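S.K.:
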Amino acid sequence: MADDKAARAPQDSSRIAFGEDYEVQYWTNHSGVSQERLEEAVEAVGNSVCRCRLSEPIGPL
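Be aware that the sequence shown starts at -19, since it is given in the numbering used here, and climbs by one per residue.
This is the structure in C-alpha cells:
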C-alpha cells in the first residue's frame, strides 16, 4: 500500500524518514527543533525516534 501523503503523522512512528517531506515536517513541529538540528540527531544516532529523543543535539522529543 502506498504512503498517504495527506497523513499528518508518520507511517512508522518509531523511525524518522527524511525521504518524506510530511514526516520531516511532523517531527520538526512535534519536537520544536529545526530540520538541521533533527538531521544532526539522525546523523549522530540513526533514525530511531527513541535514540533521537535521548540525543544531545535535540534533547527529549
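Where is the CB? At the ideal position from N, CA and C, for every residue including glycine.
The structure displayed is predicted, hence computed values, not measured ones.
Leaving out five residues on either side along the sequence, give the residues of the same chain with a beta carbon under 8 Å from the beta carbon of Ala(-11).
M.R.: Same-chain partners within the cutoff: Tyr6.
S.K.: Short check: CB of Ser28 to CB of Ser(-7), under 8 Å?
M.R.: No, the pair does not count as a contact, with Cβ atoms beyond the cut-off.
S.K.: Give the range of the alpha helix (DSSP H) segment to which Arg31 is assigned.
M.R.: Start and end: 29 to 34.
S.K.: Going by DSSP in three states, Arg(-12) sits in which element: helix, strand or coil?
M.R.: Arg(-12) falls in the coil class under three-state DSSP.
S.K.: Within the continuous alpha helix (DSSP H) that includes Arg17, where are the two ends?
M.R.: Its alpha helix (DSSP H) spans residues 15 to 25.
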